[in-house]
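Mature numbering (1 follows the signal peptide of the UniProt record, and there is no 0) puts the sequence shown at residues -21 to -1, 1 to 122.
Okay, so here's the structure we're looking at.
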Amino acid sequence: MKKWIMLVVFCLFLFGCSSDNNEGAHEEDHHSDDTHEEHSDHDVAGLEVDFPLPEQATVGETVELKAIVTSNGEPILDAEEVDFEYWNVEDEDNTTHILGEHTEDGEYVAEVTFTEPGTYEIYAHTTANGLHTMPKKSIEVTE
């Protein structure tokens, strides 16, 4: 009986010590004023792409495709790739790719002239600092 009591006391002591250490370590690493809402996907990834695009264009008009690539607010001057992929939503299997050229301060530009009316979807596939993002926009092309 004496052995059982000693074993139970020893187990309680071990359990109590390990529980206190884990909670203390967690509290030290976790900042109480840190909210999870402050960590958006773009903050975690560290790669942001602004992809301004007009809502409409006409057949035969040249449209500038521009991706403004930044990381933590600083322009990315050496993105591994900025690839604009576009297609008419009526023919999703027929996509076209155009590589963007770096012009200035993290801006990558390409031009496209639409030959058919319709709604076009455009991805700005962007790879920089080993990360990839692909914002998507739409443009309505009329005659």
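For each residue, glycine too, the CB sits at the ideal point set by N, CA and C.
Residue range of the beta strand (DSSP E) that ASN67 falls in?
60 to 67
What residue does the beta strand (DSSP E) around THR74 start on, and which one ends it?
From DSSP, THR74 is part of no beta strand (DSSP E); its letter is neither H nor E.
If you draw a straight line from the alpha carbon of ALA107 to that of VAL88, how long is it in whole angstroms?
Our two residues, ALA107 and VAL88, have alpha carbons roughly 16 angstroms apart in a direct line.
Once DSSP output is grouped into helix, strand and coil, what is the label at HIS54?
Looking at the sequence provided, one finds Pro at residue 54 rather than His. The answer is strand: DSSP assigns PRO54 an E or B state.
Sort ASP72, THR105, ASN67, ALA103 by Cα distance to THR94 and report the nearest one.
ASN67
Straight-line CA distance for GLU69 to THR82?
33 angstroms
Enumerate, from N- to C-terminal direction, the unbroken beta strand (DSSP E) stretches of 3 or more residues contained entirely within the stretch 88 to 112.
97 to 107, 110 to 112
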